[in-house]
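Reviewing the structure listed below.
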Amino acid sequence: MFICQYIIYVKQADFANVKKFLMSFFFAGTTPCAIFLGIALSSIYRDNSPTALITIGLLNACSAGMLIYMALVDLLATEFMGSMLQGSIKLQIKCFAAALLGCTVMSVIAKWA
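Residue numbers (the numbering used here): 86 to 198.
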C-alpha cells in the first residue's frame, strides 16, 4: 500500500519528468542494494563484536524513534483532531486511555520479542 501511495504522490507533485524518474529509481533501488550489501558483508560479520552491538543498538534506536514519531504524529494526531472527538471530552478520555492501554500491552509483548 505504501508503494502505491508513493507513486501517487510522485505523480501528483509538480516535478520534472527526470526528477520523478530519479526519485522512483532510487526508491525502488535501495532495497536490492541493501540486500546485496548484507550478503556481501555476511562473511565478515561477527555477532558479538562491540562494533556490531553498538551499530545494531543505534539502528534499533533510530528505527524505534521513527516508528514512535509516525505513530504519534501521522496516525494519532490525525485521528484525535477529528470533529467527532473535538466535541466530546468523554470520548477523548476514552480514546487516550485506549491508546495508552495499547502502548502498555505492546510494551509488555515486546519484552518477549
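Just so you know, even glycine gets a beta-carbon here, dropped at the ideal spot from N, CA and C. All values reported here derive from a predicted model rather than from experimental measurement.
With a threshold of 6 angstroms on Cβ separation, who are the neighbours of residue i within its own chain once the five nearest residues in sequence on each side are excluded?
i	result
residue 125	none
residue 203	With the chain covering only 86 through 198, there is no way to say anything about residue 203.
Tell me the DSSP secondary structure of residue i in three-state form.
i	result
residue 132	coil
residue 99	coil
residue 198	coil
residue 127	coil
residue 148	helix
residue 166	coil
residue 173	coil
Only counting the same chain, and skipping five residues up and downstream in sequence, which positions put a Cβ closer than 8 angstroms to that of residue i?
i	result
residue 137	130 and 131
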